[in-house]
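Undergrad:
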Amino acid sequence: MRYVCPNGHASWAPTNSHIWCRSCSRASANDDDIDPEHYSVRDKKTGELISYARVELVE
Numbered sequence: 265m266r267y268v269c270p271n272g273h274a275s276w277a278p279t280n281s282h283i284w285c286r287s288c289s290r291a292s293a294n295d296d297d298i299d300p301e302h303y304s305v306r307d308k309k310t311g312e313l314i315s316y317a318r319v320e321l322v323e
């Protein structure tokens, strides 16, 4: 997957105003510094962090 959560996980899903990452959610059970809710995605090809407001999801 080209677009990942800011922590590099591909297991994210869109919500109304942000993405929710399943892998971050699991990791947050052991680390209070990890939040499964993100307001940007990372483009693995360019390394750019892209605001969720700019993301257009297509099927």
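Quick note on numbering: the sequence shown equals residues 265 to 323 in the numbering used here. Ideal placement from N, C-alpha and C gives every residue a C-beta, glycine not left out.
Helix, strand or coil: how does DSSP classify A291 here?
TA: Helix.
Undergrad: Among Y316, S275, S289, R318, which residue has its Cα nearest to the Cα of D299?
TA: Selected option, being the one with the closest Cα: S289.
Undergrad: Rounded to whole angstroms, what is the Cα-Cα separation between E312 and E320?
TA: Their backbone Cα atoms lie some 16 Å apart in a straight line.
Undergrad: Can you round the beta-carbon distance between Y267 and D296 to whole angstroms, since I take them to be within the 8 Å contact cut?
TA: That belief does not hold up - the Cβ atoms of Y267 and D296 are roughly 26 Å apart, past 8 Å.
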